[in-house]
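Participant:
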Amino acid sequence: MSIQFQSIDYRYPGSPNGVSGVDLTIADGEFLAVIGPSGSGKTTLLKLLAGFARPSSGRIIVDDRDITDLPPEKRQLGVVFQSYGLFPHMSALDNVAYPLKIRRVARAERRARAAEALERVGLTQWTHSMPTALSGGQQQRVALARALVFSPSALLLDEPLSALDAALRVEMREEILRVQRAANIATLHITHDQEEALSIADRIAIMQAGRIVQLGTPKDLYDRPVNRWVASFIGQANLWEGRVGADRRSVHTPIGVLACDDAGSHAAHAPVTVLIRPEAIQPGGTAPAGVNALGGTVHADRFLGSARRIDLAIGEGLVRIDTLSRAPFDTVVVPPESIRLLPPEHPSDSSPAP
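Quick note on numbering: the sequence shown equals residues 1 to 354 in the UniProt record's numbering.
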């Protein structure tokens, strides 16, 4: 069952915040994450789909059914909130069975289906436990079982892992993905955690100022961002303003002239933003024929446990390197294939060519 946002506009009363011109399709069984800074519109998108807000224009379609004007209880959508929303006076079983109770499913059937849903999330032994006796991760599983027990048309996840500690978040995001895959249900996942989105989503929509600025697979967004803002928002990045060389196989940057594999659609001497991910830079060693081999001065050296982050001053710029190496170094190699040329930050720039 697919989800479609068709030309959706919405503004909060008395505020410029909302969403504009959103066109988005989530395929049957697809796990789509939405990320963006606070106020970008990602939670608004979920509210519109859930029925907690109504768009000023556009349509919302679920499984070929227009649900734009339906109240939340008529939309057949499973929702897991950040706070889980469990009833404190009900056992895990009764919490999960509640959506079936309000749908007037017979008591024996709803308890059997609730027990089956709890089994799917690994909570059979906690069936009769009250929420206060459950850990954060267990409460999250109860909320997930409750959202899926009535076979909803789609699943909506509103930052369901933000209240958990870091180690448990990693464990639970894998659990969410496992359950979602088993249910084979279209899923909209709102999160502020980039790593969470990159690790479990089939596709990611990045929102800024109420609009989707890029939509694609995690690898596409990380490796080929559409502009400087997206590149800086996703992960760590070295970003400089530069200019394409006359041969279109090099780029002039603050750290020197770098050979690059492809200038893409950028013309010779065109202003560009140069992107190099820190983990793509190779510490020490030598490059073939000295290509993009650079020396500098260590500006900062931080030990992060599984990795090491170094800032190296080269030329007029600062290069960030993420590496597993423990050895000291003051030279690096920048592989030409790791360089991405993006539109310039100021497209009107017409300064002289190098």
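Positions of the beta carbon are idealized from the N, C-alpha and C atoms, including for glycine.
So who's on the other strand from residue 238, going by DSSP bridges?
Facilitator: Counted from its first residue, the sequence shown places residue 238 at position 238. 276, per the DSSP bridge assignment.
Participant: Could you please give the first and the last residue of the uninterrupted alpha helix (DSSP H) stretch that includes residue 167?
Facilitator: By 1-based counting over the sequence shown, the position of residue 167 is 167. Run containing residue 167: 166-183, per the alpha helix (DSSP H) assignment.
Participant: Helix, strand or coil: how does DSSP classify residue 353 here?
Facilitator: Within the sequence shown, numbered from 1, the residue matching residue 353 stands at position 353. Residue confidence for residue 353 is low, a pLDDT of 42 falling below 50, so the modelled location carries little weight; the figure read from the coordinates is stated next. Residue 353 falls in the coil class under three-state DSSP.
Participant: From residue 7 to residue 105, what distance separates their C-alpha atoms?
Facilitator: Numbered from 1 along the sequence shown, position 7 holds the residue referred to as residue 7. Numbered from 1 along the sequence shown, position 105 holds the residue referred to as residue 105. Their Cα atoms are separated by approximately 37 Å.
Participant: Between the Cα of residue 239 and the Cα atoms of 313, 249, 253, which residue gives the shortest distance?
Facilitator: Taking the sequence shown and counting its residues from 1, one reaches residue 239 at position 239. Ranking 313, 249, 253 by Cα distance to residue 239 puts 253 first.
Participant: Go through its chain and collect everything with a Cβ distance to residue 18's Cβ below 7 Å, but skip five positions before and after it.
Facilitator: Within the sequence shown, the letter at position 18 stands for residue 18. Answer for residue 18: 10, 11, 12, 41, 44, 210, listed in chain order.
Participant: Write down the C-beta distance between residue 50 and residue 156 rounded to the nearest angstrom, noting that I regard them as a contact closer than 8 Å.
Facilitator: Here the question's residue 50 lines up with position 50 in the sequence shown. Here the question's residue 156 lines up with position 156 in the sequence shown. That belief holds up - the Cβ atoms of residue 50 and residue 156 are roughly 6 Å apart, short of 8 Å.
Participant: Under the assumption that residue 341 contacts residue 274 (Cβ atoms under 8 Å), give the Cβ distance between them as a whole number of angstroms.
Facilitator: Stepping through the sequence shown from its first residue, residue 341 is reached at position 341. Stepping through the sequence shown from its first residue, residue 274 is reached at position 274. At roughly 6 Å, the Cβ-Cβ gap stays under 8 Å, so residue 341 and residue 274 are in contact.
Participant: Taking residue 197 as the reference, give the member of 185, 162, 229 with the closest Cα.
Facilitator: Numbered from 1 along the sequence shown, position 197 holds the residue referred to as residue 197. Closest by alpha carbon: 162.
Participant: Quick one: what does DSSP say residue 188 is sitting in, helix, strand or coil?
Facilitator: Here residue 188 corresponds to residue number 188 of the sequence shown, with the count starting at 1. The three-state secondary structure of residue 188, taken from DSSP, is strand.
Participant: Considering only C-alpha positions, which residue in the set 324, 2, 225 is nearest to residue 306?
Facilitator: Taking the sequence shown and counting its residues from 1, one reaches residue 306 at position 306. For residue 306, the nearest C-alpha among the options comes from 324.
Participant: Only counting the same chain, and skipping five residues up and downstream in sequence, which positions put a Cβ closer than 7 Å to that of residue 72?
Facilitator: Position 72 of the sequence shown, counting from 1, holds the residue named residue 72. Contacts found: 50, 51, 52.
Participant: So, helix, strand or coil for residue 324, using DSSP?
Facilitator: Your numbering for residue 324 matches position 324 in the sequence shown. Of the three classes helix, strand and coil, the one that applies to residue 324 here is coil, per DSSP.
Participant: May I ask you to check if the CB of residue 262 is nearer than 6 Å to at least one heavy atom of the ligand PLP?
Facilitator: Of ligands this structure carries none, so the ligand PLP is not represented either.
Participant: Is residue 271 helix, strand or coil when you go by DSSP?
Facilitator: The residue given as residue 271 occupies position 271 in the sequence shown. The answer is strand: DSSP assigns residue 271 an E or B state.
Participant: Run through DSSP, which three-state label would residue 20 get?
Facilitator: Walking along the sequence shown from the start, residue 20 turns up at place 20. Correct three-state label for residue 20: strand.
Participant: Given a threshold of 16 other Cβ atoms within 10 Å of its Cβ, counted over all protein chains shown, does residue 107 qualify as buried or as exposed?
Facilitator: What you label residue 107 is simply residue 107 of the sequence shown in a count that begins at 1. Classification of residue 107: exposed, given that the 10 Å Cβ count is below 16.
Participant: Which same chain residues, not among the five before or five after residue 257, have their C-beta less than 6 Å away from its C-beta?
Facilitator: Within the sequence shown, the letter at position 257 stands for residue 257. Counting only Cβ-Cβ distances below 6 Å, and skipping sequence neighbours, we find 250.
Participant: In terms of residue numbering, what span does the alpha helix (DSSP H) encompassing residue 137 cover?
Facilitator: Numbered from its first residue, the sequence shown carries residue 137 at position 137. Boundaries of the alpha helix (DSSP H) around residue 137: 136-148.
Participant: Name, in chain order, the residues that DSSP records as bridge partners for residue 332.
Facilitator: In the sequence shown, residue 332 corresponds to position 332, counting from 1. DSSP lists 283, 294 as partners of residue 332.
Participant: Within its chain, find whatever has a CB closer than 7 Å to the CB of residue 366; leave out the 5 residues flanking it on each side and keep chain order.
Facilitator: The chain is shown from 1 up to 354; residue 366 falls before or after that span and cannot be answered.
Participant: If we count the other Cβ atoms within 10 Å of its Cβ and call it buried at 16 or more, is residue 361 buried or exposed?
Facilitator: Absent from the structure is residue 361, since the part of the chain shown begins at 1 and ends at 354.
Participant: Compute the beta-carbon to beta-carbon distance between residue 204 and residue 218, rounded to the nearest angstrom, for a pair I have assumed lies under 8 Å.
Facilitator: For the purposes of this step, residue 204 is taken as residue 204 along the sequence shown, with counting starting at 1. For the purposes of this step, residue 218 is taken as residue 218 along the sequence shown, with counting starting at 1. Their Cβ separation, rounded to whole angstroms, is 6 Å, which keeps residue 204 and residue 218 in contact under 8 Å.
Participant: Residues in its own chain within less than 6 Å of residue 68 by CB, not counting five upstream and five downstream?
Facilitator: Position 68 of the sequence shown, counted from the start, is the residue given in the question as residue 68. So the list reads 59, 60, once near-sequence residues are dropped.
Participant: Whose CA, out of 183, 215, 143, lies closest to the CA of residue 36?
Facilitator: By one-based count along the sequence shown, residue 36 stands at place 36. Selection 183, 215, 143 evaluated against residue 36 yields 215 as nearest (Cα-Cα).
Participant: Which residues mark the beginning and the end of the alpha helix (DSSP H) in which residue 94 is found?
Facilitator: Counting from 1 along the sequence shown, the entry for residue 94 is found at position 94. Unbroken alpha helix (DSSP H) run through residue 94: 92-102.
Participant: Note down the Cα distance separating residue 91 from residue 80, rounded to an integer number of angstroms.
Facilitator: Sequence index remark: in the sequence shown, residue 91 carries index 91 (1-based). Sequence index remark: in the sequence shown, residue 80 carries index 80 (1-based). Taking the straight line from one Cα to the other gives about 17 Å.
Participant: Select from 135, 335, 146 the residue whose C-alpha is nearest the C-alpha of residue 102.
Facilitator: The residue given as residue 102 occupies position 102 in the sequence shown. Here the closest residue by C-alpha is 146.
Participant: Suppose the cutoff is 7 Å on Cβ atoms and the five residues either side in sequence are ignored; what does the same chain contact list for residue 248 look like?
Facilitator: As a position in the sequence shown, residue 248 is number 248, starting the count at 1. Contacts found: 263, 268.
Participant: What residue does the beta strand (DSSP E) around residue 158 start on, and which one ends it?
Facilitator: Counted from its first residue, the sequence shown places residue 158 at position 158. Element bounds for residue 158: 154-158.
Participant: Throw me the rounded Cβ distance for the residue 166 and residue 120 pair, which I believe falls under 8 Å.
Facilitator: Walking along the sequence shown from the start, residue 166 turns up at place 166. Walking along the sequence shown from the start, residue 120 turns up at place 120. With 8 Å as the limit, residue 166 and residue 120 do not qualify as a contact, their Cβ atoms being about 25 Å apart.
Participant: Shortest alpha-carbon distance to residue 333 belongs to which of 304, 15, 281?
Facilitator: Numbered from its first residue, the sequence shown carries residue 333 at position 333. Per the Cα distances, 281.
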